[in-house]
Amino acid sequence: MIDPIAFKIGPFAVHWYAICIMMGLLLGVYLASKEAPHKKLPSDDIIDFILIAFPLSILGARIYYVAFEWSYYSQHLNEIFAIWNGGIAIYGGLITGAIVLYFYTYNKAIDPIRFLDVTVPGVMIAQAIGRWGNFVNQEAYGKAVKSLNYLPNFIKQQMFIDGSYRIPTFLFESLWNLFGFIFIIVLRRKPKFLLEGEIFAFYLIWYGCGRLVIEGMRTDSLMFLGIRVSQIVSIIIIVIGLAFVIKRRAQKNIPFYQE
């Protein structure tokens with residue numbers, strides 16, 4: 002089993018969970034900053050947005066998680082802010098980030114659709130890397146199976162939980178996001194192929210479909226009235242993404258992302 006603490010600086014422990022999140026964030030910001038000038042967006046606007054959105058999104062992700070696990074946290078109030086132990090819901094972070102983006106782009110007079118097109122590929126790669134924090138913390142896994150012989154030993158060993166091997170759903174989602182990132186990077190380079198806004202829509206559809214399926218394999222899903230919350234949200238964002246594409250294609254004079 003991997004120690005969730007990577008190293009210590011005096012009395013402070015640095016967790017692998019935090020390292021994975023920060024690595025994903027930094028790579029995502031770098032990629033968005035490199036793309037921004039091509040779409041006439043200052044790189045500084047990307048940095049400024051992240052400085053505001055990242056801490057608020059972490060807070061939103063934690064609030065989302067705690068809200069759906071309140072039966073536990075109401076009895077363990079001292080653990081509510083212990084995010085280093087895991088318990089950050091991606092959808093809570095994305096919803097918070099979307100709210101911050103709305104107000105940020107409005108105040109800066111930035112086209113939010115263009116901003117989203119530039120940033121969501123970075124979000125996808127950040128999510129792909131961040132899921133490995135779940136791996137170290139032994140969370141976001143699926144049901145028990147007899148063996149995981151198709152996986153490297155270090156993953157098999159970490160996925161041996163409560164006396165059984167577990168389906169590594171964290172890995173499936175990480176790879177799904179990685180493939181989605183590669184796919185959209187290839188597509189956005191094709192001239193006159195994607196309209197502005199369709200990179201954002203692709204993310205909604207791609208991530209929503211993957212999460213919808215993978216969530217059904219998990220044993221630690223957030224539940225509401227016996228329903229997996231993330232599957233409900235996944236269906237909603239898939240519908241939004243599809244409706245957005247249909248609407249954009251029906252409109253005239255929508256520019257291509259890559260002329």
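Residues in the sequence shown are numbered consecutively from 2, following the working numbering. Ideal Cβ positions, reconstructed from N, Cα and C, are used throughout, including at glycine.
I'd like to know whether the C-beta atoms of residue i and residue j end up nearer to each other than 9 Å.
i: F116; j: L188; result: no
i: S231; j: S222; result: yes
i: N138; j: G61; result: no
i: G242; j: F203; result: yes
i: W133; j: F82; result: no
i: Y65; j: Y92; result: yes
i: V246; j: E199; result: yes
i: D46; j: Y258; result: no
i: I238; j: E174; result: no
i: H63; j: I22; result: Checking the displayed sequence, the identity of residue 63 turns out to be Arg instead of His. No. Outside cutoff.
i: W71; j: A19; result: no
i: I53; j: S34; result: no
i: T97; j: F50; result: no
i: F136; j: I156; result: yes
i: M2; j: Q158; result: yes
Apart from the five residues on each side of it in sequence, which residues of its chain come closer than 7 Å, Cβ to Cβ, to residue i?
i: M160; result: Y142, L149, Y166, R167, P169
Once the 5 residues before and after residue i are set aside, which same chain residues still bring their CB inside 8 Å of it?
i: L28; result: G123, I126, A127, I130
i: K144; result: R167, I168, M218, T220
To the nearest angstrom, how far is it from the Cα of residue i to the Cα of residue j?
i: P113; j: E197; result: 11 Å
i: G227; j: F69; result: 12 Å
i: P5; j: K191; result: 42 Å
If you drop the 5 nearest sequence neighbours on each side, which residues of the same chain put their C-beta closer than 6 Å to that of residue i?
i: F8; result: V15
If we count Cβ pairs, one from each stretch, closer than 8 Å, do we get three or more for the segment 195 to 209 versus the segment 168 to 186? At 8 Å Cβ cutoff, the stretches touch.
Mind the definition here: the segment 243 to 250 touches the segment 96 to 108 only if three or more C-beta pairs lie below 8 Å; say whether that holds. no
Does the pairing of the segment 47 to 59 with the segment 93 to 104 give three or more beta-carbon distances under 8 Å? Pairwise C-beta distances place the segment 47 to 59 in contact with the segment 93 to 104, as three or more of them are shorter than 8 Å.
Which parts of the segment 158 to 243 are runs of the alpha helix (DSSP H), unbroken and 4 residues or longer, counting only runs that do not cross its ends? Runs found: 170 to 189, 199 to 216.
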